[in-house]
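> Before anything else, here's the structure in question.
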Amino acid sequence: MKVLIIGSGGREHAIADAFSRSSKTKEIIVSPGNAGMAEVFRCLLLAGQDEIVQFCHAEKVDMVFIGPEQPIKDGLSDLLRAEGIRVLAPSQDAGRLETSKAFAKQLMLANQIPTAGYSLLRDESQAREFLAKCSYPIVLKADGLAAGKGVIICSNEPEAIQACASLFRQSAGESGVLAEEYLQGWEVSLFAFCDKDAFQTSLFAQDYKQLYDQDRGPNTGGMGAVCPVPEAEKYRQEIEDKILAPVLKAMRELGCPYEGILYLGLMITAQGPRVVEFNCRFGDPETQALLPLLKTDFMELCLAITEGRMKELQLEWINKTAVAVVLAAPGYPSAYKKGIKIHIPQLNSKVFFSGVQSGRSGLISSGGRVLTVTNMADTLEKAKTAVYRDIKSIDFPDNVYRKDIGLRKNVLP
Ligand code: AMP
Ligand code: GLY
Numbered sequence: 316m317k318v319l320i321i322g323s324g325g326r327e328h329a330i331a332d333a334f335s336r337s338s339k340t341k342e343i344i345v346s347p348g349n350a351g352m353a354e355v356f357r358c359l360l361l362a363g364q365d366e367i368v369q370f371c372h373a374e375k376v377d378m379v380f381i382g383p384e385q386p387i388k389d390g391l392s393d394l395l396r397a398e399g400i401r402v403l404a405p406s407q408d409a410g411r412l413e414t415s416k417a418f419a420k421q422l423m424l425a426n427q428i429p430t431a432g433y434s435l436l437r438d439e440s441q442a443r444e445f446l447a448k449c450s451y452p453i454v455l456k457a458d459g460l461a462a463g464k465g466v467i468i469c470s471n472e473p474e475a476i477q478a479c480a481s482l483f484r485q486s487a488g489e490s491g492v493l494a495e496e497y498l499q500g501w502e503v504s505l506f507a508f509c510d511k512d513a514f515q516t517s518l519f520a521q522d523y524k525q526l527y528d529q530d531r532g533p534n535t536g537g538m539g540a541v542c543p544v545p546e547a548e549k550y551r552q553e554i555e556d557k558i559l560a561p562v563l564k565a566m567r568e569l570g571c572p573y574e575g576i577l578y579l580g581l582m583i584t585a586q587g588p589r590v591v592e593f594n595c596r597f598g599d600p601e602t603q604a605l606l607p608l609l610k611t612d613f614m615e616l617c618l619a620i621t622e623g624r625m626k627e628l629q630l631e632w633i634n635k636t637a638v639a640v641v642l643a644a645p646g647y648p649s650a651y652k653k654g655i656k657i658h659i660p661q662l663n664s665k666v667f668f669s670g671v672q673s674g675r676s677g678l679i680s681s682g683g684r685v686l687t688v689t690n691m692a693d694t695l696e697k698a699k700t701a702v703y704r705d706i707k708s709i710d711f712p713d714n715v716y717r718k719d720i721g722l723r724k725n726v727l728p
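Residue numbers for the sequence shown follow my numbering, beginning at 316 and rising by one.
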């Protein structure tokens with residue numbers, strides 16, 4: 316099989332790496348990919364949906380794997396299906412579970428799916444009235460895609476009024492701003508591999524979102540991940556029965572069955588698991604910790620999704636723990652330095668590239684999050700030791716990374 320992966324980050328590099336371990340995969344192409352991936356995989360820039368379709372026909376691509384959410388929102392999966400090209404991604408309509416938080420919330424409310432209570436604020440005057448009466452802290456979210464910048468936790472009314480004004484500016488054209496009850500607990504991510512009728516879940520993974528150790532500092536796109544998360548296992552059945560099964564049934568009943576990978580962001584609270592968000596794709600950086608542990612042939616898994624064979628598929632995982640640490644450019648997540656030379660010696664860990672390009676004599680940084688280093692070992696402690704040892708031997712001046720990825724705080728407050 317010949318696969319085209321759409322995307323350019325560490326997640327897509329981990330997806331390409333998983334395909335490269337699949338005996339059913341003969342050729343891997345990434346658009347646009349990046350200079351780090353291009354050392355191993357064929358990367359090229361296909362600008363726009365029409366060029367992707369033409370390329371797939373001309374090169375006889377057997378499957379397109381869409382990494383990020385934006386092309387799904389833009390309708391790429393629907394167009395590919397209409398052209399008879401196999402695609403691993405939900406339709407634009409099914410992708411609304413991520414692309415419209417208002418849609419996801421309404422669906423959860425209508426189907427008694429456990430999540431934070433919410434109100435949809437349609438304009439600023441309705442918002443002022445609501446914010447004068449609600450209890451604090453309150454969580455405010457833009458309705459549409461906001462590239463990780465759409466959630467503000469506010470501890471009082473003046474803060475909330477200000478946050479709301481900025482979210483209304485961002486959500487122009489969308490349904491408005493969501494005000495959500497603040498959930499207390501610990502967070503975990505789970506992926507469901509869904510065909511139109513059946514699903515199976517992945518190992519649990521955990522993302523470290525803040526810039527500094529002990530979850531301090533600004534929010535980022537994710538500074539590292541660990542997989543699996545044994546403390547979450549006792550909630551798996553409840554999550555499958557009370558969240559996944561009813562959501563997927565509701566999507567079928569709405570006429571937009573979900574086919575693809577569904578990401579569940581969960582808060583484990585004293586009352587049980589609650590949905591924080593859905594994403595219509597793999598997570599970043601969780602994927603860089605999850606996929607190296609996949610034992611099942613990745614193409615076989617993708618074929619089972621697109622051919623409606625999820626019920627029968629034997630999904631197997633390597634019995635190890637993976638720790639993935641992101642190396643960012645100095646200044647990230649604000650304005651960051653670019654053009655820093657990077658040299659990576661031969662390592663025991665895997666390296667997944669995101670913000671890199673070719674310089675005169677090798678790779679240079681070009682993004683905020685630059686690369687992820689992942690190590691897998693028999694125990695969490697061994698994986699942590701190995702990953703941090705490997706990071707020390709990478710030559711990437713002034714890079715920023717967390718020293719506590721893998722630290723577990725999975726206890727209820
Ligand atoms: P989201 O983009 O919806 O995943 O939100 C980003 C992050 O904000 C989450 O990973 C949580 O850490 C936090 N968050 C979102 N919603 C809530 C909530 N209702 N209560 C507490 N924290 C939240
Ligand atoms: N790890 C969070 C995300 O991919 O949205």
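C-beta: ideal position from N, C-alpha, C; glycine also.
What do you reckon, are the CB atoms on residue 641 and residue 698 nearer than 9 Å?
Taking 9 Å as the Cβ cut-off, residue 641 and residue 698 do not qualify as a contacting pair.
> Measure the beta-carbon distance from residue 500 to residue 582 and round it to whole angstroms, keeping in mind my assumption that it falls under 8 Å.
At roughly 5 Å, the Cβ-Cβ gap stays under 8 Å, so residue 500 and residue 582 are in contact.
> Start and end of the beta strand (DSSP E) containing residue 540?
Start and end: 539-542.
> What's the C-alpha gap between residue 319 and residue 395?
Between residue 319 and residue 395, the C-alpha separation is close to 12 Å.
> Helix, strand or coil for residue 566? Go by DSSP, reduced to three states.
Of the three classes helix, strand and coil, the one that applies to residue 566 here is helix, per DSSP.
> Roughly how many angstroms lie between the CA atoms of residue 343 and residue 496, to the nearest whole one?
About 44 Å.
> To the nearest angstrom, report how far apart residue 611 and residue 631 are at their CA atoms.
Spanning the two alpha carbons is a distance of roughly 5 Å.
> Could you check whether the Cβ of residue 499 sits closer than 8 Å to any heavy atom belonging to the ligand AMP?
Yes, the ligand AMP has a heavy atom inside 8 Å of this Cβ.
> At what residue ranges does the segment 368-400 contain a whole run of the alpha helix (DSSP H), taking only runs of 4 or more?
You should have 385-388, 391-397.
> Could you check how far apart the C-beta atoms of residue 679 and residue 657 are, in whole angstroms? I think they sit under 8 Å.
Right, the Cβ-Cβ distance comes to about 7 Å (below 8 Å), so this counts as a contact.
> Going by beta-carbon coordinates alone, are residue 669 and residue 351 separated by less than 9 Å?
In this structure, residue 351 lies closer than 9 Å to residue 669 by Cβ.
> Is the distance from the Cβ of residue 448 to the Cβ of residue 433 below 9 Å?
Their beta carbons are not under 9 Å apart, which means residue 448 does not touch residue 433 by this criterion.
> Cα-Cα, which of 671, 544, 653 is closest to residue 659?
Minimum Cα distance to residue 659 is reached at 671.
> Per the DSSP calculation, residue 690 is bridged to which residue(s)?
Per DSSP, 638.
> Does at least one heavy atom of the ligand GLY sit under 8 Å from the Cβ of residue 690?
Result no, Cβ not under 8 Å from the ligand GLY.
> To the nearest angstrom, report how far apart residue 475 and residue 539 are at their CA atoms.
C-alpha separation (whole angstroms): 29 Å.
> Which same chain residues, not among the five before or five after residue 480, have their C-beta less than 8 Å away from its C-beta?
These residues qualify, in order along the chain: 439.
> Between which two residues does the beta strand (DSSP E) holding residue 433 run?
Element bounds for residue 433: 433-436.
> For the ligand AMP, is there any heavy atom lying closer than 8 Å to the beta carbon of residue 265?
With the chain covering only 316 through 728, there is no way to say anything about residue 265.
> Closer than 6 Å by C-beta to residue 456: which residues in its own chain qualify, once you throw out the five before and the five after it? Chain order, please.
Taken in chain order, the residues that qualify are 416, 465, 466, 493.
> Buried or exposed for residue 683, please, with buried defined as at least 16 other CB atoms from any protein chain shown within 10 angstroms of its CB.
Residue 683 should be labelled buried.
> Taking 6 Å as the limit, tell me which residues put their C-beta closer than that to any heavy atom of the ligand SAM, in chain order.
For the ligand SAM, the structure offers nothing, since it holds only the ligand AMP and the ligand GLY.
> From what residue to what residue does the beta strand (DSSP E) around residue 494 run?
Residues 492-496.
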